[in-house]
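In the numbering used here, the protein residues as written are 23 to 114. Built from N, CA and C at the ideal position, the CB exists for glycine as well. As structure tokens, the structure follows; a few thoughts come after it.
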Amino acid sequence: MRVYSVNYDLNRPGQNYAGLISELENSPNWWHFLKSSWLIATFETPEQLWDRISPHIDKSDTVLIIEVVNRSAGWMSQEAWDWINVNVRRAA
Numbered sequence: 023m024r025v026y027s028v029n030y031d032l033n034r035p036g037q038n039y040a041g042l043i044s045e046l047e048n049s050p051n052w053w054h055f056l057k058s059s060w061l062i063a064t065f066e067t068p069e070q071l072w073d074r075i076s077p078h079i080d081k082s083d084t085v086l087i088i089e090v091v092n093r094s095a096g097w098m099s100q101e102a103w104d105w106i107n108v109n110v111r112r113a114a
């Protein structure tokens, strides 16, 4: 299993992104820790993950999916770090 950081800017005003959120939550394991960033633990490749979520993205939006490796720094809740430490180490 790999962990990917999914980051997006949803640029279309008034657009309903419930489908995108629901699709991300359908992943085997996930953590939503910032407004437009998710950590997704999955057996999918980045391309497969993109294929799954892209129907829920407007053409004016921007999305970055990148694999997370076991090096990190930042200021977040202990709960967030616990999720990262458990899931990213498992994926390594």
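Q: With DSSP as the reference, label W72 as helix, strand or coil.
A: helix
Q.
Classify N48: buried if its beta carbon has 16 or more other beta carbons within 10 angstroms, exposed otherwise.
A. exposed
Q) Taking the alpha-carbon positions, what's the R111 to P50 distance? A) 16 Å
**Q.** Three-way DSSP call (helix, strand, coil) for D139 in this model
**A.** Residue coverage of the chain in this structure runs from 23 to 114, which leaves residue 139 outside it and unanswerable.
Q: Pull up the DSSP beta-bridge partners for V25, would you.
A: A63
Q) When the distance is taken between beta carbons, is P77 closer than 8 Å to Y26? A) no
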